[in-house]
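Residue numbering for the sequence shown follows this note's numbering, beginning at 14 and increasing consecutively. Don't be surprised by glycine CBs; every beta carbon is placed ideally from N, CA and C. What follows is a set of notes on a single structure, which appears directly below.
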Amino acid sequence: MVEKLRSSANVPNSASPRSGTFGLRYVITGGPGVGKTTVITELGNLGYTTLKEVARQIIGEQLPQGILPWTQLAEFQLLVLERQIDLETRIHGQTVFCDRGVIDGIGYCREGNIAIPAQLAYEATHHLYTGVFVLDPLDTYYTDTERVEDAQRARTIHDLITDSYTRAGYDVIRVPVLPPNERVTFILEKIGGTHHDRNTNIKGSTCTTHAPTKKQNQ
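The structure is reproduced here in structure tokens:
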């Protein structure tokens, strides 16, 4: 199924903007522990709309006795998918940076050696993003209650996520290991973005809002 994503997606190989009524949507991704949260926080501090990692939110909610990726991976990925799309589609006419995107779930399913749920495969080819930035792994790695993978497994997940976006037709942009503010500058230069200095919380979500930025120049 994954092998067919690229052909069935019917999307260009370039990172040309896909906007429509939802504005521009960029994915910041990579394996566990690559520094996504820090970069997303920096972007939010500059006034950009950001969406925090949904999977970590759900793990925190489900830890007591619920659906977790290390016990029920397929069911967990469907929970993540439903909330990811719900939160993303609440944001209209703005540029948003997402800590992970829909296709991340495919990378995790591949690493877990399970069949990709039909709904996830469908959304991977229909819920499109303007561009995808993959953060190179950091030199240091640590685990916590929600990040249980060891460093070797984290790297495998990283490679599978990157490959899954490539198979879906995206030209992923690698972000080198740099200080967080320089990673943000690198990303903004790639999209031709500008800085904003005002944040407004969206009720019921984990986003901050700002005025729309200009479209990507590539």
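Excluding five sequence positions before and after residue 56, the CB atoms of its chain that fall closer than 7 Å to its own CB belong to 63, 110, 197, given in chain order. Around residue 125, the same chain offers 86 as residues with beta carbons nearer than 7 Å, after the five sequence neighbours per side are excluded. A straight-line Cα-Cα distance of about 11 Å links residue 201 and residue 61. Bridge pairing for residue 182: absent [DSSP]. Annotation for residue 98: 115, 136, 140 place their beta carbon closer than 8 Å to its own, counting only its chain and skipping 5 residues before and after. Residue 164 places its beta carbon 7 Å or farther from that of residue 178. Per DSSP, the unbroken alpha helix (DSSP H) holding residue 138 starts and ends at 131-139. Distance from the CA of residue 39 to the CA of residue 118, rounded to the nearest whole angstrom, comes to 16 Å. For residue 120 and residue 96, the gap between their C-alpha atoms comes out near 18 Å. Nearest neighbour of residue 101 by Cα position, chosen from 175, 134, 66, 54, turns out to be 66. Between residue 167 and residue 138 the beta-carbon gap is near 27 Å, outside 8 Å, which marks them as no contact. Linking residue 145 to residue 43 through their CA atoms gives a straight-line distance of about 10 Å.
Just so you know, the alpha carbons of residue 88 and residue 80 end up roughly 7 Å apart. The C-beta of residue 128 has fewer than 16 other C-beta atoms within 10 Å across all chains shown, which makes the residue exposed.
The residues 55, in chain order, have a CB closer than 8 Å to that of residue 194 in the same chain once the five nearest residues on each side in sequence are set aside.
Within its own chain, the residues whose Cβ lies closer than 7 Å to the Cβ of residue 93, once the five positions on either side in sequence are excluded, are 67, 68, 71, 118, listed in chain order.
Annotated three-state conformation of residue 144 is strand, per DSSP. Less than 7 Å divides the Cβ of residue 171 from the Cβ of residue 150.
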